[in-house]
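Protein chains: 2
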Amino acid sequence: MRNQRQYITSFSNPKVKWVSSLKEKRNRDEEKKFFIEGFREIQKAVSGSRNGSVPSLEIKIHSLFISPDCFLGENEEKLIEKVKCPVYELPKKIFEKISYRDRPDGLIAVAETPNAHYNWENFPKLDLNPILIIEGVEKPGNLGTILRTAEGAGVGLVLITDPRIDLFNPNVVRASTGTLFTLPTYISSLEETISHLTKQDYRIYAVTPEGKTLYTKPDMKKKSAFLFGSEQYGLTPNAKEKSHDTLYLPMFGEADSLNLAMSCGIVLYESLRQKG
Amino acid sequence: MRNQRQYITSFSNPKVKWVSSLKEKRNRDEEKKFFIEGFREIQKAVSGSRNGSVPSLEIKIHSLFISPDCFLGENEEKLIEKVKCPVYELPKKIFEKISYRDRPDGLIAVAETPNAHYNWENFPKLDLNPILIIEGVEKPGNLGTILRTAEGAGVGLVLITDPRIDLFNPNVVRASTGTLFTLPTYISSLEETISHLTKQDYRIYAVTPEGKTLYTKPDMKKKSAFLFGSEQYGLTPNAKEKSHDTLYLPMFGEADSLNLAMSCGIVLYESLRQKG
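So the sequences go chain by chain: A and B. Residue numbers for the first sequence, in this note's numbering: 1219 to 1494. Residue numbers for the second sequence, in this note's numbering: 1219 to 1494.
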């Protein structure tokens, strides 16, 4: 059975204005909704990943905005059927106005903002290896790229501490290509994160240009958590002190030749290599 | 002695229009000039790197456009003195118009476009390890990030084959943070590159999702050249056939979880790790 569709024909339709308004953080906060654009991204939000010992974020789709003129294939209608929610159909011209993309694929979902705070009481026992901790990340696009890379490297859990950005910023969703919804990604305070992980025999490695140990030296077959700081400010002194060791990546040329996402990728693939 | 300065006070000054025109490839081609913005980038263009067995591109600065109101420190004047060329001083408002940046630092150089074709006759003997080969790169920003990462990983030479972009696109310069001028980076045909490197006992490894060998397996202490394809199209069949081996990176989740620059960084740092 087809979802009921409402046809929107005017730019000044309040629903159109409402979706667009979710590009602003204060509107996302007020409405407790956020914006997921794209077939692949919405599909991942709907499927999630509940198989691991920690599930990915649970995303509830509130409504869909579609423009069949922009569809690229035949799977779009199946996805729309699968999501039980109101569907608003728009002409291409109006859809392009609310889209974030140069070439939109005709699908935008509005979702309920989930509670992304890690619940240490519900999921106290962790055996995932490695865990990635990102402190104070500033750029949504960077966080997205990090999530995408972390999924590739087989990271089990990402904990974001003291973010300077909204985890549900559309640029996080976009740059993550939807891995925000399949790789378990949560917010947790640095204190709680370090204290819980330490109790569970994780070695916490702060990765920083001033690190003491070459990043390839630790035994990453053992439960490891890698802690990275913000692009501009690096790790807080507190984060460095509380870690069990600090790691550096060797670097020729200027000291800023690796960006945050690149450093993450290199360390995470070293962990994958060691685990064989 | 201070360079002679000409003061520009009008938006309609032909010099202002001329600099701006270099944002377009056809104007860069016609004028045989390109655009370098930023203190760090210009400094690297001026210093270059002539110590290795292959020098970096030789860059001749043609003219400088400056706006002292935007200077961030005290080194700008020293750099301007060092470059012997005409200097045009602009008010901040006009400078911001020609700048590529959100927060310009008051320095833009126009440089003569160098001949970037690798001269196999002049530099036939290579002992640099590793060498990076990029085939058909499409996105200027990606190439810049790759260069920046390659410099960090200690790559000796980058050869660009069949680029779909202009090597002197302002976004290459910007994303490379000027490493385009310090890391030897040249254009060469795929045929010539593979034939010359093979003769010199390089093992050429094509890195591709369909690769046969895990990327950590080859002995990278031996002379190695890593060949990467374009973001959208991957490597050409020719490139894969002509290589000695094809490498893959293990990947969890979706197959597209690593972008081109990230894959380069991971393979290059594995080479650095093996060399110890």
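Where a beta carbon is used, it is the ideal one built from N, C-alpha and C, also for glycine. Here the structure is a predicted model, which is why all the values come from computation and not from measurement.
Mind checking Glu-1409/B: buried by the 16 CB within 10 Å criterion, or exposed?
-> The residue you call residue 1409/B lines up with position 191 of the second sequence. Glu-1409/B comes out exposed.
Is it the case that the Cβ atoms of Pro-1348/B and Phe-1444/B are separated by a distance below 7 Å?
-> If you number the second sequence from 1, residue 1348/B lands on position 130. If you number the second sequence from 1, residue 1444/B lands on position 226. A contact, by the Cβ cut-off of 7 Å.
Mind checking who Asp-1247/A pairs with in its DSSP beta bridge?
-> Against the first sequence, residue 1247/A aligns to sequence position 29. Per DSSP, none; premise fails for Asp-1247/A.
Straight-line CA distance for Thr-1379/A to Leu-1476/B?
-> Looking up residue 1379/A in the first sequence gives position 161. Looking up residue 1476/B in the second sequence gives position 258. Answer to the nearest angstrom: the Cα atoms are 24 Å apart.
Report yes or no: is there a C-beta of chain A within less than 7 Å of the C-beta of Tyr-1487/B?
-> Within the second sequence, residue 1487/B is the residue found at index 269, counting from 1. Yes, its Cβ sits closer than 7 Å to a Cβ of chain A.
Reduced DSSP secondary structure (H/G/I, E/B, other) of Thr-1426/A | Counted from its first residue, the first sequence places residue 1426/A at position 208. The three-state secondary structure of Thr-1426/A, taken from DSSP, is coil.
Alpha carbon to alpha carbon, what distance is there between Leu-1361/A and Val-1390/A?
-> The residue you call residue 1390/A lines up with position 172 of the first sequence. The residue you call residue 1361/A lines up with position 143 of the first sequence. About 6 Å.
Taking Cβ-Cβ distances shorter than 9 Å, what residues in chain A pair up with Ser-1254/B?
-> As a position in the second sequence, residue 1254/B is number 36, starting the count at 1. As written in the sequence, residue 1254/B is Ile, which differs from the Ser given in the question. Under the 9 Å cutoff, chain A gives no residues; its nearest Cβ is about 16 Å from Ile-1254/B.
Check the Cβ of Thr-1379/A against every Cβ in chain B and list those closer than 9 Å, keeping chain order.
-> Counted from its first residue, the first sequence places residue 1379/A at position 161. What Thr-1379/A touches in chain B: nothing, since even the nearest Cβ is about 23 Å away.
Please check the pair Phe-1313/A and Cys-1288/A, which I expect to be a contact at CB under 8 Å, by giving their CB distance rounded to whole angstroms.
-> If you number the first sequence from 1, residue 1313/A lands on position 95. If you number the first sequence from 1, residue 1288/A lands on position 70. 6 Å between Cβ atoms; contact.
Is there contact here, the region 1228 to 1235 of chain B with the region 1398 to 1405 of chain B, by at least three beta-carbon pairs under 8 Å?
-> no
Please name the residues in the region 1340 to 1358 of chain B whose beta-carbon is closer than 7 Å to at least one beta-carbon of chain A, in chain order.
-> none
Out of curiosity, what's the CA-to-CA distance linking Lys-1343/B and His-1335/A?
-> Your numbering for residue 1343/B matches position 125 in the second sequence. Your numbering for residue 1335/A matches position 117 in the first sequence. Approximately 58 Å between the Cα atoms of the pair.
Can you name the start and end residues of the beta strand (DSSP E) that Glu-1307/B belongs to?
-> The sequence position of residue 1307/B within the second sequence is 89, counting from 1. That run of the beta strand (DSSP E) goes 1305 to 1307.
Does any CB atom of chain A fall closer than 7 Å to the CB of Gly-1370/B?
-> The residue you call residue 1370/B lines up with position 152 of the second sequence. By this cut-off, Gly-1370/B is an interface position.
Going along chain B in order, which residues have a C-beta closer than 8 Å to the C-beta of Met-1438/A?
-> Looking up residue 1438/A in the first sequence gives position 220. Neighbours of Met-1438/A on chain B: none; closest Cβ ~13 Å, over 8 Å.
Out of Gly-1374/A, Ser-1267/A, Thr-1367/A, Gly-1354/A, point me to the one whose CA is closest to Asp-1384/A's CA.
-> Working through the first sequence from its first residue, we reach residue 1384/A at position 166. Nearest option by C-alpha distance: Gly-1354/A.
With a Cβ-Cβ cutoff of 7 Å, do Leu-1346/B and Gly-1374/B count as a contact?
-> For the purposes of this step, residue 1346/B is taken as the residue at position 128 of the second sequence. For the purposes of this step, residue 1374/B is taken as the residue at position 156 of the second sequence. A contact, by the Cβ cut-off of 7 Å.
Excluding five sequence neighbours on each side, which residues of the same chain lie with their C-beta closer than 7 Å to the C-beta of Asp-1419/A?
-> On the first sequence, residue 1419/A is found 201 positions in, with the first residue counted as 1. Taken in chain order, the residues that qualify are Lys-1441.
Where Leu-1401/B sits in the DSSP three-state scheme | Stepping through the second sequence from its first residue, residue 1401/B is reached at position 183. Of the three classes helix, strand and coil, the one that applies to Leu-1401/B here is coil, per DSSP.
Identify each residue in the region 1461 to 1485 of chain A for which the Cβ-Cβ distance to at least one residue of chain B is less than 8 Å, and report them in chain order.
-> Leu-1467, Pro-1468, Met-1469, Phe-1470, Gly-1471, Glu-1472, Asp-1474, Ser-1475, Leu-1476, Asn-1477, Ala-1479, Met-1480, Gly-1483, Ile-1484
Since Leu-1490/B meets chain A, which of its residues come closer than 8 Å, beta carbon to beta carbon?
-> Within the second sequence, the letter at position 272 stands for residue 1490/B. For Leu-1490/B, the chain A residues whose C-beta falls within less than 8 Å of its own C-beta are Pro-1468, listed in chain order.
Which runs of the alpha helix (DSSP H) spanning at least 4 residues fall entirely within the region 1248 to 1279 of chain A, listed in chain order?
-> 1257 to 1265
Glu-1330/B: first and last residue of the uninterrupted beta strand (DSSP E) it sits in | Numbered from 1 along the second sequence, position 112 holds the residue referred to as residue 1330/B. For Glu-1330/B, the uninterrupted beta strand (DSSP E) run begins and ends at 1325 to 1330, by DSSP.
Tell me, please, whether the CB atom of Thr-1434/B is closer than 7 Å to any CB atom in chain A?
-> In the second sequence, counting from the first residue as 1, residue 1434/B sits at position 216. Yes, Thr-1434/B lies at the interface with chain A (some Cβ there is under 7 Å from its Cβ).
To the nearest angstrom, report how far apart Phe-1341/A and Arg-1223/A are at their CA atoms.
-> Translated into the one-based positions of the first sequence, residue 1341/A becomes position 123. Translated into the one-based positions of the first sequence, residue 1223/A becomes position 5. Taking the straight line from one Cα to the other gives about 40 Å.
Less than 8 Å between the CB atoms is what I'm expecting for Glu-1255/B and Ile-1326/B, so what's the real figure, rounded?
-> Here residue 1255/B refers to the residue found at position 37 when the second sequence is read from its first residue. Here residue 1326/B refers to the residue found at position 108 when the second sequence is read from its first residue. Confirmed, Cβ separation roughly 5 Å.
Output the boundary residues of the alpha helix (DSSP H) element that contains Gln-1492/A.
-> The residue labelled residue 1492/A in the question sits at position 274 within the first sequence. Unbroken alpha helix (DSSP H) run through Gln-1492/A: 1478 to 1493.
Between the CA atoms of Ile-1412/A and Ser-1461/A - distance to the nearest angstrom | Start at 1 with the first residue of the first sequence, and residue 1461/A comes out as number 243. Start at 1 with the first residue of the first sequence, and residue 1412/A comes out as number 194. If I take the Cα positions, the gap works out to 8 Å.
For the beta strand (DSSP E) that Ser-1406/B lies in, which residues bound it at each end?
-> Locating residue 1406/B in the second sequence gives position 188, counting from the first residue. Unbroken run through Ser-1406/B: none, as it is neither H nor E.
Nearest to Cys-1303/A by CA position, among Ile-1277/A, Tyr-1487/A, Lys-1417/A, Asn-1245/A, is which residue?
-> Your numbering for residue 1303/A matches position 85 in the first sequence. Minimum Cα distance to Cys-1303/A is reached at Ile-1277/A.
For the region 1482 to 1491 of chain A and the region 1426 to 1441 of chain A, state whether three or more C-beta atom pairs, one from each stretch, are separated by less than 8 Å.
-> yes
Who are the near neighbours of Arg-1321/A in its chain, counting only those whose CB is closer than 6 Å to its CB and skipping five residues on each side?
-> By one-based count along the first sequence, residue 1321/A stands at place 103. Here the set comprises nothing.
What number of angstroms, rounded off, separates the C-alpha of Ala-1479/A from the C-alpha of Met-1469/A?
-> Here residue 1479/A refers to the residue found at position 261 when the first sequence is read from its first residue. Here residue 1469/A refers to the residue found at position 251 when the first sequence is read from its first residue. Approximately 15 Å, taken between the alpha carbons.
Over the uninterrupted alpha helix (DSSP H) stretch that includes Leu-1365/A, give me the two end residues.
-> The residue given as residue 1365/A occupies position 147 in the first sequence. 1358 to 1370 is the span of the alpha helix (DSSP H), which, as asked, contains Leu-1365/A.
Mind checking whether Ser-1406/A and Leu-1377/A have CB atoms under 7 Å apart?
-> One-based indexing of the first sequence puts residue 1406/A at position 188. One-based indexing of the first sequence puts residue 1377/A at position 159. Cβ atoms of Ser-1406/A and Leu-1377/A: closer than 7 Å.
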